[in-house]
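If you use my numbering, the sequence shown corresponds to residues 22 to 350, in order.
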Amino acid sequence: MRRTPTGRVLCIVASTLTLWASAGGACAQPADEATPEQKLRDFIHYILIDRHDAADLIGQQLLAGDLPPQAFTDLVDSSGEYQRFRAALGEAMRADVGGTLEETAAALERRYEEGRLERARSPQEIDRNIGLLTGQLQGRYLATQRLLAAGEYAVPQLFEALVDTASPELQAVAQQILVDMGSQSVMPLCVALGQEVGPRQELIADVLGLKGYRTAVPFLAQAAEATTTPEVREACERALARLGGTDGSSVSGLFLQLGEIFYAERPEVTSFPGEEHQLLWTYMPSAPSVSLVATPILTEVYHEAMAMRMAETALVGDSQSLDAAALWV
C-alpha cells in the first residue's frame, strides 16, 4: 500500500523557481496564499538554513502585502518569533551585503521599527502605559520606556497626570518622565505655562527648571513678568536661575533670540529629525479631556512657522524692534 506523505511540505512558486521541502514531497499551497504569520515563519526558516533566494521572495511578499507598519509589528510581537526574527534579519544583512536579501531584510526592519513607533505614539497605548505607572515594578519600567519612546506625542496625557492632585504617586512619576524626556517636552510645557495660573503654573515652571533647556527661558521670563501671584513669580525665578538667567535681556529680546534659533533649525528645537512632521502646540484649559493639543505640521515649514510665532510675541513686547519685524516677515 502506497504511503501518503505527512508533515508540512512547502512549495513556493515564483516565476520559474519552485522549491520542494523534501524529495518526492507533495506541493503545498503557494506562498502568496499563506497567512502573514506563516510567511514570517518561513522567512525566518529559510534564512537560518541558508536558502537566501526563498527568504528574499517571501520577504518581498511580506513587504508587498496589505499589512501597514503597526500591523506588521503586532504580527511579529504576537507570533512569539521576535527573537528569531531579529536574529534572521542580522544574519541576512551579514550574509548578503549589497545584495537583494540585505535590502529586503533592511526594509522589514524599518517597517517593524516604524510600526513600533506608531504604536507607542497612539493615544490608546499612551493611556494604557500611564495606567501601568503605579503598578508592579516591571510593568512600571516597561511603561516608562514606552512613554519615553513616544516622546512629545505622550506629553498631553502625561501633563494631565502631572496636574492631577488626586494621585500624588502618579503625579511624581509623570513629572520624572517629563523631565527625562529631554527637549521634546519643553515646547508643550511652555505653551501650557503661558495659559495656566496658580499652583499649576507654579508646578510647570518648576518642571521646566528641572529639565535644564534654555529654550524655556523666554516663556519663564514672560510668566514671571505677567503674574500677580508671588508663588508663581518665585517658581519662575527659581527655574530661570537653574537655566542660567536671562543675561539681562528683555522678554521681547529673549523671544527674538529663540525665533532666530528656530529659523536656524537648530537640533534643540527639532523634536523629530528626519521625520515628515513636527508638532505645533495649543492649550485649551476648558477642553473635556486633555488641554494640550498637538497639530502635525510639515517639517519643511515648521521652523519658519515657529520663528514667526516667536517674532510676533517679540513684537507684542517691543513693536519698534526692526529685527523682530524682519524675522516675522
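Don't be surprised by glycine CBs; every beta carbon is placed ideally from N, CA and C.
Note that the coordinates shown come from a computational prediction; the quantities given were computed from them, not determined experimentally.
Would you mind stating whether residue i and residue j have Cβ atoms separated by less than 9 Å?
i    : j    : result
I318 : A328 : no
V194 : R221 : no
L138 : A92  : no
S273 : A335 : yes
Y234 : V207 : yes
L61  : L84  : no
E296 : T320 : yes
L199 : L210 : yes
D95  : G152 : no
T248 : V228 : no
Y133 : V97  : yes
D344 : L279 : no
Give every residue of the same chain whose Cβ lies closer than 6 Å to the Cβ of residue i, excluding the five residues on either side of it in the sequence, and list them in chain order.
i    : result
E286 : H324
D77  : T121, L122, T125
K232 : V200
R254 : A245, T248
L264 : R235, V238
A164 : N150, L153, L154
E281 : none
Q50  : Only weak support is given to the placement of Q50: the predicted model assigns it a pLDDT of 48, under 50, and the question is left unresolved by the model.
G28  : Note that G28 has pLDDT 38, beneath the 50 cutoff, so the model's placement of it is unreliable and the number below is only indicative. Around G28: no qualifying Cβ.
Measure the alpha-carbon distance for residue i versus residue j and round it to whole angstroms.
i    : j    : result
L313 : H298 : 18 Å
A182 : G172 : 15 Å
L214 : E258 : 14 Å
S340 : F283 : 20 Å
S143 : R167 : 11 Å
P251 : E223 : 10 Å
F106 : T303 : 41 Å
N150 : L179 : 10 Å
R115 : S100 : 24 Å
T316 : L300 : 5 Å
G338 : S270 : 12 Å
L69  : T186 : 54 Å
Q145 : A175 : 10 Å
L111 : I65  : According to the sequence displayed, residue 111 carries Gly and not Leu. Looking at the two C-alpha atoms, the distance is approximately 11 Å.
A55  : Q205 : 42 Å
P189 : T155 : 10 Å
A109 : Y162 : 28 Å
A141 : S342 : 43 Å
A256 : R330 : 25 Å
V311 : M305 : 8 Å
E130 : D201 : 27 Å
Q59  : Y103 : 14 Å
G160 : I79  : 36 Å
Q196 : L275 : 26 Å
D63  : A128 : 17 Å
L158 : A347 : 53 Å
A226 : V322 : 29 Å
A113 : G203 : 35 Å
Please return the same chain residues whose Cβ sits closer than 8 Å to the Cβ of residue i, not counting the five positions on each side in sequence.
i    : result
L261 : G230, V238, L241, A242, A245, T267
Q14  : Coverage of the chain is limited to positions 22 through 350, which leaves residue 14 absent and any answer about it impossible.
P294 : P288
Quick one: what's got a C-beta closer than 7 Å to residue i's C-beta in the same chain, skipping five residues either side?
i    : result
E333 : W349
D148 : Q178
P90  : R132, E135, G136, E139
G86  : P57
L88  : P57, L96
Q216 : Y304, P306
**Message:** Give the list of continuous alpha helix (DSSP H) stretches no shorter than 4 residues that lie fully inside the stretch 296-350.
**Reply:** Assignment of alpha helix (DSSP H) within the stretch 296-350, counting only whole runs of 4 or more residues, yields 320-338, 343-349 in chain order.
**Prompt:** When the Cβ atoms of the stretch 72-88 are set against those of the stretch 117-135, are three or more pairs found closer than 8 Å?
**Reply:** yes
**Item:** Runs of alpha helix (DSSP H) lying entirely within the stretch 195-272, each at least 4 residues, in chain order
**Value:** The stretch 195-272 is shown to contain whole alpha helix (DSSP H) runs of 4 or more residues at 207-216, 219-232, 238-247, 251-263, in chain order.
**Message:** To test your reading of the DSSP string, which unbroken alpha helix (DSSP H) runs of 4 or more residues are found completely within the stretch 134-168?
**Reply:** 144-152
**Prompt:** Going along the chain, which unbroken runs of the alpha helix (DSSP H) with 4 or more residues stay wholly within the stretch 54-94?
**Reply:** Taking only runs of at least 4 residues, the alpha helix (DSSP H) segments lying wholly in the stretch 54-94 are 57-69, 73-85.
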